[in-house]
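Residues 1 to 568 in the numbering used here are what the sequence shown lists, from first letter to last. To start, the structure under review is shown below, and the notes come after it.
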Amino acid sequence: MKKNIYKLFLLSGLMFSCNDLLNEYNPSGLTGEAVYTKPEGFESLVYSAYTTARHWYGKEDGYTLTEGGTDLWLQGVDNRRVDLMTYNNLQAPELVPPLSTAEVFLQRIWERFYATINLCNTGIAHVAESGLSEELQKIREAELRFLRAFYYWHIVETWGGVHFTLEETTAVQTVANRTPVEKFYEQIFADLDFAVNNLPVTTVDYGRVTKPAAEAFLARMYLTRGNNEQASALAQKVISDYGFALVPKYSDLWLMTNLKNKEIVWAVNYTADLTSSDLLNTTTNPYGHPRGGNNGHMMFQMVYERAAVGSIGMSRDIANGRPFARYMPTKFLLNLYNETIDSRYNGSFQTVWKTNVPGKYKKKVGGVDVDVTLTAGDTAIFATKYEISDAVDATKKYLIVDESKMYKADGNINGNALYIALNKFLDPTRPTIAEMQSARDAFVIRLAEMYLIAAEAEFKLGNLGKAVELINVVRTRAAVTGKAEDMEIEEDDLSIDFILDERAREFAGEQLRWFDLKRTGKLVERVSLHNPSAQPYVKEFHVNRPIPQAQIDAVTNKTEFTQNEGYQ
Numbered sequence: 001m002k003k004n005i006y007k008l009f010l011l012s013g014l015m016f017s018c019n020d021l022l023n024e025y026n027p028s029g030l031t032g033e034a035v036y037t038k039p040e041g042f043e044s045l046v047y048s049a050y051t052t053a054r055h056w057y058g059k060e061d062g063y064t065l066t067e068g069g070t071d072l073w074l075q076g077v078d079n080r081r082v083d084l085m086t087y088n089n090l091q092a093p094e095l096v097p098p099l100s101t102a103e104v105f106l107q108r109i110w111e112r113f114y115a116t117i118n119l120c121n122t123g124i125a126h127v128a129e130s131g132l133s134e135e136l137q138k139i140r141e142a143e144l145r146f147l148r149a150f151y152y153w154h155i156v157e158t159w160g161g162v163h164f165t166l167e168e169t170t171a172v173q174t175v176a177n178r179t180p181v182e183k184f185y186e187q188i189f190a191d192l193d194f195a196v197n198n199l200p201v202t203t204v205d206y207g208r209v210t211k212p213a214a215e216a217f218l219a220r221m222y223l224t225r226g227n228n229e230q231a232s233a234l235a236q237k238v239i240s241d242y243g244f245a246l247v248p249k250y251s252d253l254w255l256m257t258n259l260k261n262k263e264i265v266w267a268v269n270y271t272a273d274l275t276s277s278d279l280l281n282t283t284t285n286p287y288g289h290p291r292g293g294n295n296g297h298m299m300f301q302m303v304y305e306r307a308a309v310g311s312i313g314m315s316r317d318i319a320n321g322r323p324f325a326r327y328m329p330t331k332f333l334l335n336l337y338n339e340t341i342d343s344r345y346n347g348s349f350q351t352v353w354k355t356n357v358p359g360k361y362k363k364k365v366g367g368v369d370v371d372v373t374l375t376a377g378d379t380a381i382f383a384t385k386y387e388i389s390d391a392v393d394a395t396k397k398y399l400i401v402d403e404s405k406m407y408k409a410d411g412n413i414n415g416n417a418l419y420i421a422l423n424k425f426l427d428p429t430r431p432t433i434a435e436m437q438s439a440r441d442a443f444v445i446r447l448a449e450m451y452l453i454a455a456e457a458e459f460k461l462g463n464l465g466k467a468v469e470l471i472n473v474v475r476t477r478a479a480v481t482g483k484a485e486d487m488e489i490e491e492d493d494l495s496i497d498f499i500l501d502e503r504a505r506e507f508a509g510e511q512l513r514w515f516d517l518k519r520t521g522k523l524v525e526r527v528s529l530h531n532p533s534a535q536p537y538v539k540e541f542h543v544n545r546p547i548p549q550a551q552i553d554a555v556t557n558k559t560e561f562t563q564n565e566g567y568q
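Now the structure itself:
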């Protein structure tokens with residue numbers, strides 16, 4: 001299934017657009033009925049509904065809207081979405097230019113989500129005409145209902161109470177509605193209940209959603225809406241009933257040879273066959289944004305090969321990745337880890353780069369050039385969250401990127417070209433140094449999340465002992481050898497901030513953070529405390545993103561469908 005579950009299906013992906021705001025286009029001339037009344041056509045419709053997850057997971061769009069603008073990430077030197085990362089120029093769209101670069105960025109996500117919602121609505125409405133067996137009809141409808149809930153969750157959490165419909169749209173529509181958030185969640189729960197009751201426990205087609213995946217996502221939704229008893233019970237059911245298990249060594253989660261491991265409840269799966277990419281297809285990919293593979297391997301890397309910023313001994317290679325330098329960890333994130341007992345620091349971040357261009361170089365120590373000679377395999381660059389004195393620096397032949405080179409005293413950016421880099425998503429199996437696409441699957445739900453969902457729910461229910469027990473399972477898995485006891489916490493350690501800190505240590509970069517901060521009501525507080533680049537700009541209304549201005553401009557009921565609060 002790795003070859004086709006997310007295969008782009010041109011007709012389904014484009015002809016079922018929600019309205020003319022979503023670039024409705026049917027170049028083939030085929031009709032929807034010709035698709036959904038034949039088994040192979042309906043199966044392609046379902047495949048296409050899965051495809052949209054690839055526009056978010058493992059992609060810059062999704063990383064910026066889930067990790068950006070939080071307490072964990074500052075903008076790297078080549079970040080293209082500083083407005084979304086810092087909230088600057090978002091609250092005053094009359095400034096230059098309206099919504100800045102965020103406009104096209106948000107527009108393409110909006111378009112894709114709503115086109116796929118309409119695709120799901122269409123499939124659900126016509127599954128009985130598909131020609132599939134009754135048993136398979138139930139399963140495919142359950143998949144589409146799960147996906148509709150999944151995409152509506154992204155929409156409502158990103159933009160709030162915006163347009164909502166369960167009806168298939170086949171003609172141009174220029175009227176949009178404003179639907180309360182509660183209505184979105186009412187439908188999300190209804191769709192997930194159907195999915196849980198009708199999906200199989202397992203699948204031979206890796207990437208399809210299953211019953212435990214639907215239960216896991218439903219547990220996340222229960223937690224989001226404060227239904228803590230249901231969240232804990234369902235998360236613990238996923239832990240106990242299906243044979244999932246935490247990978248014993250945290251760093252092994254990220255090995256390209258270990259992507260299909262027992263900890264993964266659901267993943268967006270990619271393919272190593274790069275010919276299936278639509279990167280060069282301007283019809284399906286009008287924005288020139290690489291859709292065919294996972295791009296996470298580029299986003300968090302610093303520019304280790306760029307001599308202009310002081311790098312020495314390095315040129316770009318496959319092992320260290322193609323660095324896009326979009327996201328740099330906050331000082332706060334790095335200091336959350338006690339690496340002497342917690343393996344997740346070294347299991348998540350790269351701090352050493354080995355010489356691949358031997359020779360004589362100059363490095364600066366206290367503003368003075370120091371001559372060094374590097375041989376192949378020597379350490380060329382060492383990045384550390386600690387301060388290293390000039391006296392010590394002068395005794396090392398490698399470049400040291402220490403705390404003060406990365407951060408100012410207040411934690412703001414001092415240098416965002418060379419820094420400690422998240423390495424979870426590196427892919428040394430890429431064929432060339434320039435390859436933008438990776439076959440790495442994007443983990444959407446891991447078993448570790450079920451432990452932390454149940455723990456947060458139990459904490460909110462006042463069951464501190466149970467919460468501690470659940471958190472300690474995750475923490476002891478992450479312990480440095482011989483340090484499991486040091487990693488265990490007690491009831492007095494618990495708070496919602498501790499739980500958020502633990503989720504940061506476990507899931508940094510995994511496209512959950514913005515939702516976590518919004519769910520706990522901590523977005524503005526934590527960004528203000530720990531992200532000095534965003535602190536001057538973040539406001540309470542930023543818990544919703546701005547609706548793309550192109551959407552606002554195109555609707556005819558402009559007095560009813562208005563921009564989100566704060567962005568007028």
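Heads up, the beta-carbon is just placed ideally off N, CA and C, and yes, glycines get one too.
In this structure, the CA atom of Thr-66 is about 6 Å from the CA atom of Arg-513. Taken in chain order, the whole beta strand (DSSP E) runs of length 3 or more contained in the segment 112–154 number zero.
Setting aside the 5 residues that flank it on each side, Val-468 is surrounded in the same chain by Ile-489, Glu-490, Glu-491 and Leu-494, each with a C-beta closer than 7 Å to its C-beta; the list follows chain order. In terms of Cβ geometry, Arg-440 and Tyr-250 do not form a close pair [threshold 8 Å].
Uninterrupted beta strand (DSSP E) stretches at least 3 residues long and entirely within the segment 37–74 do not occur.
The count of Cβ pairs closer than 8 Å, one atom from the segment 341–358 and one from the segment 376–392, reaches three, so the stretches are in contact. Counting the other Cβ atoms within 10 Å of the Cβ of Thr-257 gives fewer than 16, which makes it exposed. Beta-bridge pairing by DSSP links Thr-379 to Lys-354. About 11 Å separates the CB atoms of Ala-233 and Ile-453; that is not less than 8 Å, and the two are not in contact.
For Met-328, the secondary structure class from DSSP, reduced to helix, strand or coil, is strand.
Secondary structure at Gly-521: coil, using DSSP grouped into helix, strand and coil. By the beta-carbon neighbour count (other beta carbons within 10 angstroms, threshold 16), Leu-255 is exposed.
Bounds of the beta strand (DSSP E) holding Phe-443 are 442–446. Going by DSSP, Ile-341 is part of no beta strand (DSSP E) at all; its letter is neither H nor E.
Here Asn-416 has Leu-74, Gln-75, Gly-76, Val-77 and Met-328 as same chain residues with Cβ atoms under 7 Å from its own Cβ, once five neighbours each way along the sequence are excluded. For Asn-294, the beta-bridge partners assigned by DSSP are Ser-438. Following the DSSP letters along the chain, one finds Gly-465 inside the alpha helix (DSSP H) bounded by residues 464–477.
Between Arg-446 and Ile-264, the C-beta spacing is below 8 Å. By alpha-carbon distance to Phe-541, the top candidate from Leu-192, Gln-563 and Val-204 is Gln-563. Check the Cα spacing between Ala-325 and each of Ile-420, Val-527 and Asp-402: the tightest is with Ile-420. Rounded to the nearest angstrom, the Cβ distance from Leu-223 to Arg-519 is 7 Å, consistent with a contact under 8 Å. For the pair Lys-364 and Thr-373, the Cα-to-Cα distance works out to about 14 Å. According to DSSP, residue pairing for Ile-400 in a beta bridge involves Phe-382. With a cut-off of 8 Å on Cβ pairs, the segment 293–302 is in contact with the segment 312–323, counting three or more such pairs.
Look at Tyr-407 here: in three-state DSSP terms it is strand. A direct Cα-to-Cα measurement between Asp-252 and Leu-470 gives close to 21 Å.
Across the set Gly-509, Ala-455 and Glu-510, the C-alpha of Ala-455 shows the shortest separation from the C-alpha of Asp-497.
Non-local C-beta neighbours of Pro-39 in its own chain, meaning closer than 7 Å and more than five positions away in sequence, comprise Ser-130, Gly-131 and Leu-132, ordered along the chain. A direct Cα-to-Cα measurement between Tyr-185 and Trp-159 gives close to 14 Å. Ranked by how close their Cα comes to the Cα of Tyr-407, the residues Asn-531, Phe-189 and Ile-239 have Asn-531 in first place. Val-247 carries a coil assignment under DSSP once its states are collapsed to helix, strand and coil. If only complete runs of 4 or more residues are kept, the segment 219–267 shows the alpha helix (DSSP H) at 228–241, in order along the chain. Secondary structure of Thr-158 (DSSP, three-state): helix. Judged by beta-carbon spacing, Ala-195 lies within the 8 Å limit of Phe-146, meaning their Cβ atoms are closer than that value. Ranked by how close their Cα comes to the Cα of Glu-111, the residues Trp-56, Ile-400 and Tyr-567 have Trp-56 in first place. DSSP places Tyr-361 in the uninterrupted beta strand (DSSP E) bounded by 359–365.
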